[in-house]
Amino acid sequence: MALSVLDRFLNRRSLGIARRVQLEPEKRAVGRDWPSRAHTMIGLRRLDNIQFCIERIIEERVPGDLLEAGVWRGGASVFMRGVLQAYGVTDRTVWLADSFKEGRSARSTGLRCT
Ligand SMILES: C[S@@+](CC[C@H](N)C(=O)[O-])C[C@H]1O[C@@H](n2cnc3c(N)ncnc32)[C@H](O)[C@@H]1O
Numbered sequence: 023m024a025l026s027v028l029d030r031f032l033n034r035r036s037l038g039i040a041r042r043v044q045l046e047p048e049k050r051a052v053g054r055d056w057p058s059r060a061h062t063m064i065g066l067r068r069l070d071n072i073q074f075c076i077e078r079i080i081e082e083r084v085p086g087d088l089l090e091a092g093v094w095r096g097g098a099s100v101f102m103r104g105v106l107q108a109y110g111v112t113d114r115t116v117w118l119a120d121s122f123k124e125g126r127s128a129r130s131t132g133l134r135c136t
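Right, here's the structure in full:
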């Protein structure tokens with residue numbers, strides 16, 4: 023399909039058209055939107071749940087590392103690292119796994135976040 027005049031104009035200048043979406047706090051809280059700039063899409067309640075789980079792990083001295091499978095932009099893993107840091111925990115690794123190939127089946131790639 024031929025590019026329109028507008029497409030060619032924008033492409034030559036590496037520009038695009040974006041639509042601003044009004045933030046809906048209720049959707050953000052439960053991770054039911056698609057944030058354009060946030061480091062995580064999971065929302066505040068799920069972040070609270072991650073914090074709760076890590077605090078239980080620390081409190082009950084459950085051994086082992088932490089892993090997030092499917093990290094997207096990595097914000098939830100960064101948050102996990104932050105919770106550990108807040109409690110002075112330095113002997114647990116946070117592992118990140120993602121194909122980084124959204125929408126396609128792919129071999130997972132493992133990354134370590136120290
Ligand atoms: C819903 S997003 C995860 C959101 C993320 N937990 C956050 O905090 O925003 C799903 C992620 O899983 C990844 N993914 C999908 N299929 C995968 C697969 N087969 N192996 C590894 N990663 C996969 C995608 O690349 C995407 O980053």
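Read in order, the letters of the sequence shown are residues 23 to 136 in my numbering.
Here a beta-carbon is modelled for each residue, glycine too, at the ideal position from N, C-alpha and C.
Indicate the three-state DSSP secondary structure (helix, strand or coil) for residue i in the structure shown.
i, result
"aspartate 87", "coil"
"glutamine 44", "coil"
"glycine 38", "coil"
"glycine 97", "helix"
"phenylalanine 122", "coil"
"glutamate 82", "coil"
"leucine 25", "coil"
"alanine 60", "coil"
"valine 105", "helix"
"aspartate 150", "Here the chain has residues from 23 to 136 only, and residue 150 is not among them."
"alanine 128", "Any reading at alanine 128 must be qualified, since the residue scores a pLDDT of 47, below 50, and its modelled position is unreliable; no value is offered."
"arginine 30", "helix"
Is the stretch 71-84 touching the stretch 104-111, taking contact as three or more C-beta pairs under 8 angstroms? Touching, yes, given that three or more Cβ pairs across the two stretches are closer than 8 angstroms.
Please confirm if the stretch 83-91 is in contact with the stretch 42-56, defined as three or more CB-CB distances below 8 angstroms between the two stretches. With a cut-off of 8 angstroms, the stretch 42-56 and the stretch 83-91 do not count as touching, because too few Cβ pairs lie within range.
Inspect the CB distances between the stretch 63-70 and the stretch 34-54 and report whether three or more fall short of 8 angstroms. Remark: three or more beta-carbon pairs, one from each stretch, lie closer than 8 angstroms, so the stretch 63-70 and the stretch 34-54 are flagged as touching.
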